[in-house]
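S.K.: Below you'll find the structure I mean.
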Amino acid sequence: MSAISLAIPGGIGAVLAALMFALLKGDRRSTVDTAVHAALAMVAALFIGFLAARAIDNPGSFVEILVGGLLSGVLYSLVALGFVLIFKASGVFNYAQGAMVLVAGLALVRSLDFLTGHGIATIVAVPLAIIFSGAVMALCAFVIEKWVLRPLLNQDGLTLFMATIGATFALEGVAQLIFGSDVYPLKLFPIDPMIVFESVFPGGILINKLDVWGAVIAGVLVVTLALFFQYTKTGRALRAVADDHAAAQSVGIPISWIWFIVWLVAGLVALVAATVWGTKLGVQFSITFLALKALPVLIIGGFTSVPGAIVGGLIVGAGEKLAELYLGELIGGGIEYWFAYVLALAVLLVRPQGLFGEKIIERI
Amino acid sequence: MSVEADVPVAAIGAIASLGDAMAAADNDARVQAEQRRIGDVLLSVDNVSLSFGGVRAIADVSFDIRKGEIRAIIGPNGAGKTSMLNVINGFYFPQQGVITFKGEKRREMRPYFAATSGISRTFQNVALFKGMTTLDNMMAGRTLKMRRGLFWQALRLGPAEKEEIEHRAVVEKLIDFLEIEHIRKVPVGKLPYGLQKRVELGRALAMEPELLLLDEPMAGMNLEEKEDMSRFILTINQSLGTTIALIEHDMGVVMDLSDRVVVLEYGRKIADGTPDEVKRDPKVIDAYLGVSH
């Protein structure tokens, strides 16, 4: 490493550490808090400075890893988005979101196989299969609202969380009973890699077409949801229910209907996630464990924030790839698997509500 | 279709007159009050009892609210006043008794039912949608008046957009009336308590209710804020003809505003009548000042 590739990142790191420390300033910070915050800011700055050094050494491969990481982070965001929607509207942490991705994926891939197996052209079969799996998600939303949520109206959040664990097992079991439990390949998007920016970096940057598709779809989805929430009567009612059940009831907002809509939207988001993840990994049982990867994303971004889910997903995606490649050679591999959780832990220490979450202030 | 379109326009008319009425109310509130016509029974509560486990919150209480009047419900803490509002509004289901609203008898109300049939309310501990702006909170109050389906809203085309604009006009009139123009776009969670109470009243009014239930609208307010709130309540009652049921602890306010007062103590009704009658009732004096034994 040349002198400049150490000095510049070192400077950036120091500035960032100071900046983060200043930003994380709490109202009443104890000595222990100060020490923890300072230590975390130092670690983060070191990491960023280290990355910057590597980026200067070999910009091409750095950008390639960064872009690949960000694009795969979009897929985490897609799963996290479903959690945020339900948490915002009903205060329920929906453990069943991963199972819903599995249900949507199975319904899609099996109906697609069925239709193409009967000689229907792919161009017709795909929309039909998507409509069918959308209907399956609507049915799920209806059943969950009627038999899980409605009997538990006005119960504690923890009670509802436990109920969604039950719903997870029911959904997984029933879906595999009906649609089968093998690994089903799904071919909706092109999965071949492509090389871009050949003029800028020597050798260009290798990215996966599927990841680009995923990013485009996620972008469209997020914009649509944001507009829907902000500018329609139903969107307003959804936000109202999220804020205060009793007040929403008093102005005549039908809670059951709103819950159905929310679970339906979350189901459709799960369907979108299933199309992308299913193409990547094949539709299989292990897809439900995506829910576990969404958890650190939510902690980092904040449970109540749609932009938080997106940014959290991007941070986790890029962070784990960069850490795996650059730190992996120093401290041994396998970082990708735990990086997100350690990052989430650090965020919990300094900003429990997440980067974009609403700060919880309780009047005592 | 045309009928639907007419509703908001009529509402704009009624709510627009609030501003003029406001000026008049300052001058000759007393004269107007005497001219006001109090009509037939709008809501009656008959032999209602409500208990939570072994605790009797309301015991065999009957009273009625006439169309166009301001009816106060008073009593010491824990007398069952808020429980009574919750029964009327459908949050609690009484074990016994009948509620008759606009001639329809019901054993229990449902909140959605109450809202559709014309009952709106405010809460003792302000229950606003804290993350939403003043405007959005009040627009949420018009949910039941808006009829375009999800499909049209999603596309935000023609009819849905026209509807949104019409309802926005109604809400803007209310915002002017309540003098909260400056906080239109502020998330209500950030507002001081007195203004939150005012926004909550605005949201209840946006529903254009026939019966407005106010649970301690002046709790925690200073004198000036109380005077403003009293003025709003009187104007709403006089120029919109809205029937109001009011829980309040400030006796001065209660005696000035209300036409009739019902007094509860330990879940039982101990007095019912005009403010003067109630004030002189020995049982009421005992309940408030304590009895020497």
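Quick mapping for you: the protein sequence lines, in order, are chains A and B.
This note's numbering numbers the first residue of the first sequence as 1 and each following residue consecutively.
This note's numbering numbers the first residue of the second sequence as 365 and each following residue consecutively.
By construction, the Cβ of each residue, glycine as well, lies at the ideal position given by its N, Cα and C atoms.
Source: prediction; values computed, not measured.
For Asn-208 of chain A, which residues does DSSP report across the bridge?
M.R.: Beta-bridge pairing links Asn-208 of chain A to A:Pro-193.
S.K.: Taking C-alpha atoms, which residue in A:Ala-39, A:Val-212, A:Glu-324 lies nearest to Ile-195 of chain A?
M.R.: In terms of Cα proximity to Ile-195 of chain A, the closest of A:Ala-39, A:Val-212, A:Glu-324 is A:Val-212.
S.K.: Taking the beta carbon of Asp-500 of chain B as the centre, do at least 16 other beta carbons fall within 10 Å, making it buried, or is it exposed?
M.R.: buried
S.K.: Would you mind sorting Thr-480 of chain B into buried or exposed? The rule is 16 or more other CB atoms within 10 Å of its CB.
M.R.: exposed
S.K.: Please go through the same chain and pick out, in chain order, the residues whose beta-carbon is closer than 6 Å to the beta-carbon of Asp-370 of chain B, but skip the five residues on each side of it.
M.R.: Caution applies to Asp-370 of chain B, whose pLDDT of 45 falls short of 50 and renders its modelled position unreliable; the model cannot decide the point.
S.K.: Quick one: residues in its chain with C-beta nearer than 6 Å to the C-beta of Ala-248 of chain A, no 5 flanking neighbours on either side, listed in chain order?
M.R.: Ala-240, Val-241
S.K.: So, is Val-373 of chain B buried or exposed, given that buried needs 16 or more other C-beta atoms within 10 angstroms?
M.R.: Confidence at Val-373 of chain B is low in this model, with a pLDDT of 48, below 50, so the placement of that residue is unreliable and no value is reported for it.
S.K.: Applying a beta-carbon distance threshold of less than 7 Å, which residues of chain B neighbour Glu-145 of chain A?
M.R.: Going along chain B, no residue has its Cβ under 7 Å from Glu-145 of chain A, so there is no contact; the nearest lies around 15 Å.
S.K.: For chain B, check one thing: does any of its Cβ atoms lie closer than 7 Å to the Cβ of Ile-253 of chain A?
M.R.: yes
S.K.: Would you decide whether His-531 of chain B is buried or exposed? Buried here means 16 or more other CB atoms lie within 10 Å of its CB.
M.R.: Result: buried.
S.K.: Between Ile-434 of chain B and Ile-452 of chain B, what straight-line distance do the alpha-carbon atoms span, to the nearest angstrom?
M.R.: Answer to the nearest angstrom: the Cα atoms are 16 Å apart.
S.K.: So, at 6 Å on beta carbons, what are the nonlocal neighbours of Gly-631 of chain B in its own chain, with the 5 sequence-adjacent residues on each side left out?
M.R.: Only Arg-420, Ala-421, Ile-422, Ala-423, Gly-444 meet the Cβ criterion.
S.K.: Output needed for Leu-578 of chain B: all residues of its chain with C-beta closer than 6 Å, excluding positions within five of it in sequence on either side, in chain order.
M.R.: Thr-486, Leu-610
S.K.: Suppose you measure from the CA of Ser-305 of chain A to the CA of Glu-358 of chain A; what does that come to, to the nearest Å?
M.R.: 8 Å
S.K.: Do you know offhand how far Asn-411 of chain B's Cα is from Leu-565 of chain B's?
M.R.: Looking at the two C-alpha atoms, the distance is approximately 30 Å.
S.K.: Considering only DSSP beta bridges, list what Gln-460 of chain B is partnered with.
M.R.: B:Ser-413
S.K.: What does a CB cutoff of less than 8 Å around Ala-491 of chain B pick up in its chain, not counting 5 residues either side in sequence?
M.R.: Glu-564
S.K.: Phe-197 of chain A and Lys-204 of chain A - do their beta-carbons sit closer together than 7 Å?
M.R.: Note that residue 204 of chain A is Gly in the sequence shown here, rather than Lys. Yes, Cβ-Cβ distance for Gly-204 of chain A and Phe-197 of chain A is below 7 Å.
S.K.: Is Lys-509 of chain B close to chain A, meaning its C-beta is less than 7 Å from at least one C-beta of that chain?
M.R.: no
S.K.: Grab the span of the alpha helix (DSSP H) containing Lys-321 of chain A for me, first residue to last.
M.R.: 306 to 322
S.K.: Would you call the segment 456 to 474 of chain B and the segment 221 to 235 of chain A touching, i.e. three or more CB-CB distances under 8 Å?
M.R.: no
S.K.: Quick check on Arg-644 of chain B - is its C-beta less than 7 Å from some C-beta in chain A?
M.R.: no
S.K.: Taking all protein chains shown into account, decide if Tyr-456 of chain B is buried (16 or more other Cβ within 10 angstroms of its Cβ) or exposed.
M.R.: Around the Cβ of Tyr-456 of chain B, a 10 Å sphere holds 16 or more other Cβ atoms; the residue is buried.
S.K.: For Thr-607 of chain B, which beta-bridge partners are listed by DSSP?
M.R.: B:Leu-575
S.K.: Exposed or buried, which one is Arg-562 of chain B when buried takes at least 16 other CB atoms within 10 Å?
M.R.: The residue is buried, with at least 16 neighbouring Cβ atoms inside 10 Å.
S.K.: Under 8 Å by Cβ, that's how I've got Gly-308 of chain A and Gly-317 of chain A pegged, so tell me the actual separation to the nearest angstrom.
M.R.: Not quite, the Cβ-Cβ distance comes to about 14 Å (not below 8 Å), so this is no contact.
S.K.: Give, in chain order, every residue of the segment 484 to 499 of chain B whose Cβ lies closer than 8 Å to some Cβ of chain A.
M.R.: Ser-484, Arg-485, Phe-487, Ala-491, Leu-492, Phe-493, Lys-494, Gly-495, Met-496
S.K.: To the nearest angstrom, how far is it from the Cα of Leu-75 of chain A to the Cα of Ile-310 of chain A?
M.R.: 9 Å
S.K.: Using the beta-carbon of each residue, which ones in chain A are nearer than 7 Å to Tyr-476 of chain B?
M.R.: Gln-249, Gly-252, Pro-254
S.K.: Using a beta-carbon distance below 7 Å, is Thr-480 of chain B in contact with chain A?
M.R.: yes
S.K.: For Arg-394 of chain B and Leu-538 of chain B, what's the separation of their Cα atoms in angstroms?
M.R.: Here Arg-394 of chain B scores only 49 on pLDDT, less than 50, and its place in the model is too uncertain to base an answer on.
S.K.: Pull up the distance between the alpha-carbon of Thr-507 of chain B and that of Gln-97 of chain A, whole angstroms please.
M.R.: 29 Å
S.K.: Quick one: is Trp-338 of chain A buried, meaning 16 or more other Cβ sit within 10 Å of its Cβ, or exposed?
M.R.: Exposure of Trp-338 of chain A is indicated by the presence of fewer than 16 other C-beta atoms within 10 angstroms of its C-beta.
S.K.: According to DSSP, simplified to helix, strand and coil, what is Ser-622 of chain B?
M.R.: Coil at Ser-622 of chain B, not helix or strand.
S.K.: Chain A beta carbons: is any one of them nearer than 7 Å to that of Ala-504 of chain B?
M.R.: yes
S.K.: Out of A:Ala-18, A:Ile-86, A:Ala-17, which has the shortest C-alpha to C-alpha gap to Leu-298 of chain A?
M.R.: Nearest of A:Ala-18, A:Ile-86, A:Ala-17 to Leu-298 of chain A, Cα basis: A:Ile-86.
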